[in-house]
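In my numbering, the protein residues as written are 7 to 325.
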């Protein structure tokens, strides 16, 4: 027993920040961003809160799955930073949609959605649940250094949700972590304790782009090879790869190392940039809504992120 994905939903802010507008607040230009990242625009929170986006994605996923919030047995929210330290973002989702089940948050940065799938799988294996809601949502604009042109061009806000039900469509899943606070980190920020003797750093994203690139172009193909083998498949059996949308050059380089045609890699980075844990489920939802995913298709999901973490899995599409 594992699970099947019964429904998906997406929520992104209304405001679209284009490369041209971004060039008015930091020294950059559209051609420089597009050629190096593949990003043309990203969504940025203005009026929306992360709770509102989570709830919108959750309700859409529930409608798509054809179940009600009252039927949920568990809610997992993958996010780097919810609206509050406590209550958890998962609990706020539970409140707003009218669910009555346990709920909690999980932080594995950009690998969060796949980490959450693995956690949910454990509940299904133990027969503790019938329906699980996974919501992956990040609001990176509030922790982006908008004076750093090497990073602020990369990120956007938004995420997506998936309803999981009993089934046998998770064929393999593999997670890794390698503790590293030099390549990618976001400090906690202010410390109100009068006894704290260290100077707190601003809660702004810090990233060594070249090191992340080197890590990603190795980790992504390795993760896909691992889960394809664990599922007892060949790479040629994979109908679609849904990769983390961090940088088009990373996706292209990783694809070149695999025996999977590049046209089977779904990409929407041009519209959203890097939305952290929201990246893979947004892409999964959009591929589904576009009619690209057919019942029985073999889909590889893969992501990498701060931690450093990676997550890869093979699922059979059941919708």
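Glycine residues also receive a C-beta, built at the ideal position from the N, C-alpha and C atoms. This one's a predicted model, so the numbers in the text were calculated from it and none came from an experiment.
Assigned secondary structure, residue i (DSSP; H/G/I helix, E/B strand, else coil)
i: residue 62; result: helix
i: residue 159; result: coil
i: residue 164; result: strand
i: residue 201; result: coil
i: residue 145; result: strand
i: residue 14; result: strand
i: residue 280; result: strand
i: residue 33; result: coil
i: residue 73; result: coil
Boundaries of the alpha helix (DSSP H) in which residue i is found, first to last residue
i: residue 38; result: 36 to 43
i: residue 102; result: 95 to 103
i: residue 119; result: 118 to 131
i: residue 288; result: 285 to 295
Residue span of the beta strand (DSSP E) that contains residue i, given as start and end
i: residue 306; result: 304 to 311
i: residue 180; result: 176 to 186
i: residue 23; result: 21 to 24
Residues sharing a beta bridge with residue i, DSSP
i: residue 139; result: 81 and 169
i: residue 213; result: 190
i: residue 150; result: Its beta-bridge partners do not exist; DSSP assigns none.
i: residue 319; result: 179 and 307
i: residue 114; result: Answer is none; residue 114 lacks a bridge partner.
Burial state of residue i (16 or more Cβ within 10 Å)
i: residue 91; result: exposed
i: residue 87; result: buried
i: residue 278; result: buried
i: residue 20; result: exposed
i: residue 169; result: buried
i: residue 268; result: exposed
i: residue 167; result: buried
i: residue 223; result: buried
i: residue 150; result: buried
i: residue 310; result: buried
i: residue 100; result: buried
i: residue 253; result: buried
Residue i Cβ short of 6 Å to the ligand ATP heavy atom set
i: residue 85; result: This structure lacks the ligand ATP, and indeed carries no ligand of any kind.
- [ ] Could you tell me which uninterrupted alpha helix (DSSP H) segments, each at least 4 residues in length, are contained entirely in the region 239 to 272, listed from first to last along the chain?
- [x] Within the region 239 to 272, the complete alpha helix (DSSP H) runs of at least 4 residues fall at 254 to 262.
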